[in-house]
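In what follows, a structure is listed as structure tokens, so that the remarks can point back to it.
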Amino acid sequence: MAYWLFKTEPDTFGIEDLKNRPAQTEPWDGVRNYQARNFLRDQVKLGDHVFIYHSSCKLVGIAGIAEVVKEAYPDPSQFNPESKYYDVKATAEKPRWFCVDVKFKQQFKQVLPLKSIKQMPEIQHLGLVKKGHRLSIMPVDKDEWSILYQQAAK
DNA sequence: GCCAACGTTGGC
DNA sequence: GCCAACGTTGGC
């Protein structure tokens with residue numbers, strides 16, 4: 001099993017929204033970056049665990065955990081002209097973008113702030129703490145997951 | 001294939 | 001809202 005971090009803007013869709021969904025499950029759509037897409041399509045597997053990270057908001061940081069309940073399939077929003085994620089160049093035969101379904105697992109009592117994460121000496125490999133951390137889907141190694149989880153679940 | 005212009009991300 | 005850091009686009 002692998003570990004990931006997915007970014008989201010809580011004003012649009014946050015951990016609370018995931019928790020309140022029917023079946024607490026939601027397609028993670030709208031990823032429009034090739035590197036992130038490749039992770040989603042090729043490496044994110046059923047049962048993988050995911051940190052839900054809140055960005056562009058008051059409380060920036062890791063807000064909780066979700067689990068992958070459906071592996072990559074073509075992101076429907078790319079075919080929908082009404083959607084802001086619509087992509088003219090995508091076709092059913094040649095989909096360009098993919099999504100997975102995630103299910104709510106846990107909301108932390110408090111968001112683990114980015115500021116704290118950056119101060120943790122053990123967390124050095126995570127893309128988040130590196131310069132130009134713009135990937136919306138990124139791998140987290142096992143050790144870093146454990147350390148972050150321990151810190152967040154306190 | 002280079003690279004300037006442009007758009008987007010995301011912390012602050 | 002600012003702006004630095006990236007990614008993407010498109011002319012050549």
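Per UniProt numbering, the very first residue in the first sequence carries number 1; after that it's consecutive. Cβ atoms here follow ideal geometry from the backbone N, Cα and C, with glycine treated the same way.
Tell me whether residue 8 is buried or exposed, calling it buried when 16 or more other Cβ atoms sit within 10 Å of its Cβ.
The residue given as residue 8 occupies position 8 in the first sequence. Buried: at least 16 other Cβ atoms inside 10 Å.
Measuring only the C-alpha atoms, how far is residue 108 from residue 130?
Within the first sequence, the letter at position 108 stands for residue 108. Within the first sequence, the letter at position 130 stands for residue 130. Their Cα atoms are separated by approximately 24 Å.
As an exercise, report each continuous alpha helix (DSSP H) stretch of at least 4 residues that is fully enclosed by the UniProt domain "EVE" (2-150), in chain order.
Runs of the alpha helix (DSSP H) inside the UniProt domain "EVE" (2-150): 15-20, 34-38, 114-119.
So for residue 152, helix, strand or coil by DSSP?
Residue mapping note: residue 152 aligns to position 152 of the first sequence, counting from 1. Here residue 152 sits in helix by DSSP.
For residue 40, collect the residues of the same chain with a Cβ closer than 8 Å to its Cβ; drop the 5 residues on either side in sequence, then sort them by chain order.
On the first sequence, residue 40 is found 40 positions in, with the first residue counted as 1. These residues qualify, in order along the chain: 28, 31, 72, 98, 99, 100, 137.
Using 10 angstroms around the beta-carbon of residue 149, count the other beta-carbons present and answer buried if the total reaches 16, otherwise exposed.
Working through the first sequence from its first residue, we reach residue 149 at position 149. Its Cβ being crowded by 16 or more others within 10 Å, residue 149 is buried.
Residue 57 and residue 113 closer than 8 Å at C-beta
Translated into positions along the first sequence, residue 57 becomes position 57. Translated into positions along the first sequence, residue 113 becomes position 113. Not closer than 8 Å, so no.
Near residue 86, which residues of its chain fall below 8 Å by C-beta distance, leaving aside the five closest residues on each side in sequence?
Within the first sequence, the letter at position 86 stands for residue 86. Answer for residue 86: 77, 78, 79, 80, listed in chain order.
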